[in-house]
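Trainee: Numbering of the sequence shown is given in the numbering used here, commencing with residue 39 and proceeding in unit increments.
For each residue, glycine too, the CB sits at the ideal point set by N, CA and C.
None of these values were measured; they are calculated from a predicted model.
Sharing a structure here in structure tokens format.
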Amino acid sequence: MNTISMTKNSARITIDAEKILKDVSLGDSISTNGVCLTVTDYSCNKFTVDVMGETLRRSNLDSLKKGDKVNLERALALGGRFGGHIVSGHIDGVGTIKNFHHEANAIWITIEASEKILKNIVFKGSIAIDGVSLTVAYVNNEEFKVCIIPHTQSETTLISKKSGDKVNLECDVIAKYVEKLLQVKKNETKKKDQIGVQYY
Numbered sequence: 039m040n041t042i043s044m045t046k047n048s049a050r051i052t053i054d055a056e057k058i059l060k061d062v063s064l065g066d067s068i069s070t071n072g073v074c075l076t077v078t079d080y081s082c083n084k085f086t087v088d089v090m091g092e093t094l095r096r097s098n099l100d101s102l103k104k105g106d107k108v109n110l111e112r113a114l115a116l117g118g119r120f121g122g123h124i125v126s127g128h129i130d131g132v133g134t135i136k137n138f139h140h141e142a143n144a145i146w147i148t149i150e151a152s153e154k155i156l157k158n159i160v161f162k163g164s165i166a167i168d169g170v171s172l173t174v175a176y177v178n179n180e181e182f183k184v185c186i187i188p189h190t191q192s193e194t195t196l197i198s199k200k201s202g203d204k205v206n207l208e209c210d211v212i213a214k215y216v217e218k219l220l221q222v223k224k225n226e227t228k229k230k231d232q233i234g235v236q237y238y
């Protein structure tokens with residue numbers, strides 16, 4: 039992080055970066071800790087984004103400080119290789135890191151989350167944590183676990199976190215659509231039952 043100008047309901051953030059800015063243009067989207075943000079200004083080694091209040095409330099961006107490192111990713115180019123899962127950059131909320139556990143060259147991370155988020159997380163499904171696409175290795179009604187390999191450890195900020203830190207969470211969009219469809223179906227059935235009772 040280069041500079042952060044924070045107000046009550048918005049923020050302007052400038053981030054130092056080089057490799058990711060190749061062929062960037064104004065209006066391009068850059069995922070910042072998993073949050074889709076629009077480039078409003080840039081140079082050869084930094085870019086600026088504006089963050090609205092809704093994004094600050096739903097994410098951990100309001101806790102960033104000058105000098106903090108963040109995960110950055112450009113939008114997938116049309117025709118590019120699709121190697122992970124669909125990540126839109128529309129954060130569902132934040133989770134809290136509970137603990138880390140080392141196992142050989144891998145690191146397990148346990149994250150606590152709200153019931154609203156956990157209901158869309160499934161075993162062996164996908165979850166984006168601060169923009170990092172990972173596979174869910176365990177989940178219950180209070181928390182879930184992921185396991186990160188050495189490459190992920192070296193290329194992201196996840197191992198620089200500590201217990202108690204907040205992380206941005208984005209559930210698999212397919213799970214969210216399925217939940218919505220099931221809720222609509224449930225409401226339709228409820229309405230039909232009510233109409234049937236009134237008719238009788």
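In the stretch 125-164, which residue ranges form an unbroken beta strand (DSSP E) of at least 3 residues, counting only runs that do not cross its ends?
Mentor: Note on the stretch 125-164: whole beta strand (DSSP E) runs with a minimum of 3 residues are 131-141 and 144-150, in chain order.
Trainee: So S81 and G169 are in contact, right, with Cβ under 8 Å, and what is the actual spacing, rounded?
Mentor: Rounded, the Cβ-Cβ distance is 23 Å, inconsistent with contact.
Trainee: Can you give me the C-alpha to C-alpha distance between E208 and C185, rounded to a whole angstrom?
Mentor: Going from the Cα of E208 to the Cα of C185 covers about 17 Å.
Trainee: Spatial neighbours of G91 within its chain, please: C-beta separation below 8 Å, excluding the five flanking residues on both sides.
Mentor: K46, N47 and S48
Trainee: Just to confirm the assignment, what range does the beta strand (DSSP E) spanning S43 have?
Mentor: Where S43 is concerned, the enclosing beta strand (DSSP E) stretches over T41 to M44.
Trainee: Do you know how far the Cα of K223 is from the Cα of L102?
Mentor: 41 Å
Trainee: Taking its Cβ as the centre, do 16 or more other Cβ atoms sit within 10 Å of Y64, making it buried, or is it exposed?
Mentor: Checking the displayed sequence, the identity of residue 64 turns out to be Leu instead of Tyr. Its Cβ having fewer than 16 others within 10 Å, L64 is exposed.
Trainee: Do the stretch 208-219 and the stretch 127-135 make contact, defined as three or more Cβ pairs closer than 8 Å?
Mentor: The stretch 208-219, when compared against the stretch 127-135, does touch it at the 8 Å Cβ threshold.
Trainee: Can you give the beta carbon distance from S67 to T76, rounded, assuming they're within the 8 Å contact cut?
Mentor: 6 Å
Trainee: For E208, name the three-state secondary structure that DSSP assigns.
Mentor: strand
Trainee: Counting only the same chain and skipping the five closest in sequence on each side, list residues whose C-beta sits under 7 Å from that of A175.
Mentor: K183, V184 and C185, listed in sequence order.
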